[in-house]
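According to the numbering used here, the sequence shown is numbered sequentially starting from 882.
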Amino acid sequence: MKDKQPISILPVPFDWGASRRGASDGPQAMLSAGLERKLQLLGHRFEVRSDSYLSDFTADRRSSPRMKHWGAVLTMAEAVAKEVALLTASRAFPLIIGGDHSISIGTIAGLTQERKKLGVIWIDAHADTNTPESSPSGNMHGMSLAVSLGLGDTRFTGIDHPSPKLQAQRIALVGTRQLDEGEKGLIRSRGIACYTMHDIDKLGMARVMEEAIAIVSKDSDGVHVSFDIDSVDPGEAPGTGTPVRGGLNFREAHLAMEMLYEAKAVTSADIVEVNPLLDNGHQTVRLAVDLVGSLLGARIL
């Protein structure tokens, strides 16, 4: 982010895109755990936006086995896209806190109204590149990146402006370790950079992040970081609905965020899938707040 750029924190208390409820409590939990105080100590100017921009998505009960609760997800995503587009146009740094990962459908649709060549680092145990045809579960938080690539139901791919919102050559997946067969094929066929936990073990986190940052920054007009807390090993971050063993450790996660800050290329971020109902005390919530701090300039020395 740019020095002295104001930050707009946008809460998205939504969890209808996931299989387990509770991520809707993530935004308030992060605020209560000291997110505002963290930004104050780092010297940032910021505002916390009201969530009144969200209409009553619970009233939309449209659903299908291949796209569960799609009516609620669509209502949410359209509202988030509109709000994020306003924040981007105002030259604020949009910091979106969720909520399950389906909120990124709206986040990216809003960002790319202005940033037509947006680079994205997707730090997640999963690729979220399923379509309604390939998804084993029908949960829409597993389709958010595919939608942004213009794949899937046109009601979602066409939110606010024509798809695709993103180009495969400016996407880097980091921390991936649980992929469905359809996702593997899509990643290979599209040539999406995917740094699995095998790659992190083999190359080290610093080299992986150097390469990922270079990929998403090349010829881009901004870089968005989408951080799913399930990218972190559940021993460190138990409070998430889709935990997968063998994830990033505490320092690897912080190093990723610290290097993103040092690159001075990040123009927006979202952090998702923090589920206080599944947490061990406030362990995951506090980690999420500290990771945001590292992304925005917190350092050991």
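C-beta atoms are modelled at their ideal positions from N, C-alpha and C, and glycine is treated no differently.
Asked: For residue 905 and residue 1156, what's the separation of their Cα atoms in angstroms?; Found: 7 Å
Asked: Of the choices 885, 1169 and 1036, whose alpha-carbon is the least far from that of residue 1114?; Found: 1169
Asked: Please classify residue 899: does DSSP put it in a helix, a strand, or coil?; Found: coil
Asked: If you compare alpha carbons, which of 1153, 1064 and 934 is closest to residue 1032?; Found: 1064
Asked: Check whether the stretch 1138-1147 touches the stretch 1040-1053, counting contact only when three or more Cβ pairs, one atom from each stretch, lie closer than 8 Å.; Found: no
Asked: Would you check if the stretch 921-933 and the stretch 993-1008 touch, i.e. whether three or more CB-CB distances between them fall below 8 Å?; Found: no
Asked: Check whether the stretch 1076-1087 touches the stretch 1116-1134, counting contact only when three or more Cβ pairs, one atom from each stretch, lie closer than 8 Å.; Found: yes
Asked: Mind checking residue 1161: buried by the 16 CB within 10 Å criterion, or exposed?; Found: exposed
Asked: From the DSSP output, read off the bridge partner residues of residue 928.; Found: 889
Asked: Among the residues of its own chain, which have a CB less than 6 Å from the CB of residue 974, if the five just before and after it don't count?; Found: 882, 886 and 888
Asked: In the DSSP assignment, find the beta strand (DSSP E) that holds residue 1019 and state where it starts and stops.; Found: No beta strand (DSSP E) holds residue 1019; DSSP gives it neither H nor E.
Asked: Under 8 Å by Cβ, that's how I've got residue 1154 and residue 982 pegged, so tell me the actual separation to the nearest angstrom.; Found: 6 Å
Asked: Report the partner residues of residue 938 according to the DSSP bridge assignment.; Found: For residue 938, which the question treats as bridged, DSSP gives no partner whatsoever.
Asked: Assuming residue 1055 contacts residue 1004 under a Cβ cut-off of 8 Å, what Cβ separation, rounded to an integer in Å, is found between them?; Found: 5 Å
Asked: Output needed for residue 1178: all residues of its chain with C-beta closer than 6 Å, excluding positions within five of it in sequence on either side, in chain order.; Found: 923 and 1142
Asked: Check each candidate in 1148, 1134 and 1180 and name the one with the smallest Cα separation from residue 1165.; Found: 1134
Asked: Taking residue 1132 as the reference, which of 1008, 1087, 1120 and 1057 has the closest Cα?; Found: 1087
Asked: Exposed or buried, which one is residue 828 when buried takes at least 16 other CB atoms within 10 Å?; Found: The chain is shown only over 882 to 1182; residue 828 falls outside these bounds and no answer can be derived.
Asked: Report the option in 992, 894 and 978 whose CA atom is closest to the CA atom of residue 972.; Found: 992
Asked: In the DSSP assignment, what are the bridge partners of residue 1108?; Found: 1004 and 1152
Asked: Starting from residue 1121, trace the beta strand (DSSP E) both ways and give me its first and last residue.; Found: No beta strand (DSSP E) holds residue 1121; DSSP gives it neither H nor E.
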